[in-house]
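Colleague: Got a structure for you, questions after.
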Amino acid sequence: MKTEYTIFQIDAFTDSLFKGNPAAVVPWEGEWLPDLKLIELASENNLSETAFFRPRKEKGEYDLRWFTPGVEVDLCGHATLATAFAIYEVLENKSDVSSLKFHTKSGLLEVFRENGKYYLDFPARPPVKTEYSPNDVASCFNIKAKEILKARDILFVFEKESDVRNLIPNHEALKNLPFFAAIVTAPADSGKSYDFVSRFFAPAKGVPEDPVTGSSHCTLIPYWSEKFGKKELNAYQASARGGHLVCEDREERVRIGGNCKLYMKGTFYLE
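The UniProt record's numbering applies: residue 1 is where the sequence shown begins, and numbers increase by one.
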């Protein structure tokens, strides 16, 4: 007997379709399926993340899990943003709830809706020194970084925006690094509407390049806030799709804001 499930595809961190980062969002009831089945569903969706969420007894609170096509991840920004958007604007009117609370592998995460935007309240993951030098990891890209740091991910810092936009990743070299993923970043060119740019690569986790990454900004915001000496920043992720993020450093936490657009609502079936 087939069971029907609803699924949404939502573009996050964008004001228009076909930009930002597409996430699959799946409302759930009852017990989770086995992890392998959830990974298979994410693989079938073939997006960087599929989010599964289910309501808790408390109003406005949910369990939330994220999967790439290969693994479950501990933190995902764009799929959390997309899930909040689905709850507020697609599934039900939550206008009497000022924020949504998600129980996740990274603890309690809150999403606020303010002035037409959604804001993630996430844990800060400031980068620290690493044993790697730019020469040690020079094979990862066609351009050598000026600085290497680490958090959950390894962070490559480049001199200028064009370095980040034009670099070519060596996915095999990146797969061999003992990190979840690789972030590359540089200050924005003067006169731009944003302060810094980045890209994100996780080939070992089934994501060769992520279009727009909320979790990487848990590391980027503390780094650039210190460099620029200011708490409020604007960011641009310079992938092929591209995405804008509104950022704020709040010491132990970071705030990451953006918009979403609904692309698709559908049904899938399991036997």
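Heads up, the beta-carbon is just placed ideally off N, CA and C, and yes, glycines get one too.
Over what stretch of residues does the alpha helix (DSSP H) that includes I221 continue unbroken?
Modeller: By one-based count along the sequence shown, residue 221 stands at place 221. Counting along the chain, the alpha helix (DSSP H) containing I221 begins and ends at H217 to F228.
Colleague: Can you tell me which residues form a DSSP beta bridge with K261?
Modeller: Counting from 1 along the sequence shown, the entry for residue 261 is found at position 261. According to DSSP, K261 bridges with D11.
Colleague: Please state the DSSP three-state secondary structure of N45.
Modeller: Position 45 of the sequence shown, counted from the first residue, corresponds to residue 45. Of the three classes helix, strand and coil, the one that applies to N45 here is helix, per DSSP.
Colleague: Return the CA-CA distance between F85 and A24, expressed in angstroms with no decimal places.
Modeller: Taking the first residue of the sequence shown as position 1, residue 85 is located at position 85. Taking the first residue of the sequence shown as position 1, residue 24 is located at position 24. About 12 Å.
Colleague: Buried or exposed for P208, please, with buried defined as at least 16 other CB atoms from any protein chain shown within 10 angstroms of its CB.
Modeller: Along the sequence shown, one-based indexing puts residue 208 at 208. With fewer than 16 Cβ atoms within 10 Å of its Cβ, P208 is classed as exposed.
Colleague: Starting from residue 314 and walking both ways along the beta strand (DSSP E), at which residues does that stretch end?
Modeller: Residue coverage of the chain in this structure runs from 1 to 271, which leaves residue 314 outside it and unanswerable.
Colleague: Pick out whichever of I143, C218, F52 and D35 has its Cα sitting closest to the Cα of K150.
Modeller: Within the sequence shown, numbered from 1, the residue matching residue 150 stands at position 150. Per the Cα distances, C218.
Colleague: May I ask you to report which of helix, strand or coil DSSP gives I183?
Modeller: Mapped onto the sequence shown, residue 183 falls at position 183. In this structure, I183 counts as strand in the three-state DSSP scheme.
Colleague: With a cut-off of 8 Å, do at least 3 Cβ pairs link the segment 114-124 to the segment 241-260?
Modeller: Because the criterion of three Cβ pairs below 8 Å is met, the segment 114-124 and the segment 241-260 touch.
Colleague: From which residue to which residue does the alpha helix (DSSP H) around N234 run?
Modeller: Working through the sequence shown from its first residue, we reach residue 234 at position 234. Counting along the chain, N234 falls outside any alpha helix (DSSP H), though it belongs to the beta strand (DSSP E) covering E232 to Q237.
Colleague: According to DSSP, simplified to helix, strand and coil, what is E172?
Modeller: Within the sequence shown, residue 172 is the residue found at index 172, counting from 1. DSSP places E172 in helix when its eight states are reduced to three.
Colleague: Are there 16 or more other CB atoms within 10 angstroms of the CB of L220, so buried, or fewer, so exposed?
Modeller: As a position in the sequence shown, residue 220 is number 220, starting the count at 1. Label assigned to L220: buried.
Colleague: Go ahead and pull the three-state DSSP assignment for D249.
Modeller: Position 249 of the sequence shown holds residue 249. In the structure shown, D249 sits in a strand (DSSP, three-state: E or B).
Colleague: Could you check which residue in M1, A186 and F53 has the C-alpha nearest to that of F158?
Modeller: As a working note, residue 158 is residue 158 in the sequence shown. That would be A186, whose Cα lies nearest to the Cα of F158.
Colleague: Within its chain, find whatever has a CB closer than 8 Å to the CB of V128; leave out the 5 residues flanking it on each side and keep chain order.
Modeller: Here residue 128 is taken as the residue at index 128 of the sequence shown, counted from 1. Hits under 8 Å: L149, K150 and A151.
Colleague: Which one of A42, F201, E161 and A173 has the shortest CA to CA distance from G191?
Modeller: Within the sequence shown, residue 191 is the residue found at index 191, counting from 1. Nearest of A42, F201, E161 and A173 to G191, Cα basis: E161.
Colleague: Near F228, which residues of its chain fall below 7 Å by C-beta distance, leaving aside the five closest residues on each side in sequence?
Modeller: Position 228 of the sequence shown, counted from the start, is the residue given in the question as residue 228. Contacts found: D195.
Colleague: When you compare only the Cα positions, how much space is there between K261 and E226?
Modeller: Within the sequence shown, numbered from 1, the residue matching residue 261 stands at position 261. Within the sequence shown, numbered from 1, the residue matching residue 226 stands at position 226. So the two alpha carbons sit approximately 32 Å from each other.
Colleague: At the 8 Å Cβ level, is F8 part of the contact set with chain D, yes or no?
Modeller: Protein chain content of the structure displayed is limited to a single chain, and chain D is not contained in it.
Colleague: What does the alpha-carbon distance come out to for the pair D163 and I143?
Modeller: The count along the sequence shown starts at 1 and reaches residue 163 at position 163. The count along the sequence shown starts at 1 and reaches residue 143 at position 143. Computed Cα separation, rounded: 7 Å.
Colleague: Looking at the structure shown, is L81 part of a helix, part of a strand, or coil, going by DSSP?
Modeller: On the sequence shown, residue 81 is found 81 positions in, with the first residue counted as 1. Three-state DSSP puts L81 in a helix.
Colleague: Taking 7 Å as the cut-off, is the CB of V128 close to at least one heavy atom of the ligand ADP?
Modeller: The model on display carries no ligand, and the ligand ADP is accordingly not part of it.
Colleague: How far does the beta strand (DSSP E) with D195 in it reach, from first residue to last?
Modeller: Here residue 195 refers to the residue found at position 195 of the sequence shown. Taken as a continuous stretch (DSSP letters only), D195 belongs to no beta strand (DSSP E), as it is neither H nor E.
Colleague: Assign K19 to one of two classes, buried (16 or more other C-beta atoms within 10 Å of its C-beta) or exposed (fewer than that).
Modeller: Here residue 19 is taken as the residue at index 19 of the sequence shown, counted from 1. Buried, because 16 or more other Cβ atoms sit within 10 Å of the Cβ of K19.
Colleague: Could you pull the DSSP bridge partners for D210 from this structure?
Modeller: Translated into the one-based positions of the sequence shown, residue 210 becomes position 210. For D210, which the question treats as bridged, DSSP gives the partners F200.
Colleague: Taking C-alpha atoms, which residue in A138, A12, W28 and G30 lies nearest to P22?
Modeller: The residue you call residue 22 lines up with position 22 of the sequence shown. Answer by Cα proximity: A12.
Colleague: Identify, in the order they occur along the chain, each residue of the same chain with its Cβ nearer than 8 Å to the Cβ of L91, setting aside the five sequence neighbours on each side.
Modeller: Here the question's residue 91 lines up with position 91 in the sequence shown. Excluding sequence neighbours, L91 sits near P27.
Colleague: I'd like to check one pair, A51 with W66: are the Cβ atoms closer than 8 Å?
Modeller: Position 66 of the sequence shown holds residue 66. Position 51 of the sequence shown holds residue 51. Yes, the pair counts as a contact, with Cβ atoms nearer than the cut-off.
Colleague: Measure the CB-CB distance between P264 and F53 and report whether it falls below 8 Å.
Modeller: As a first step, residue 264 is located in the sequence shown; it is residue number 264 there, counting from the start. As a first step, residue 53 is located in the sequence shown; it is residue number 53 there, counting from the start. The sequence shown places Met at residue 264, not Pro. No, these two residues do not count as a Cβ contact at 8 Å.
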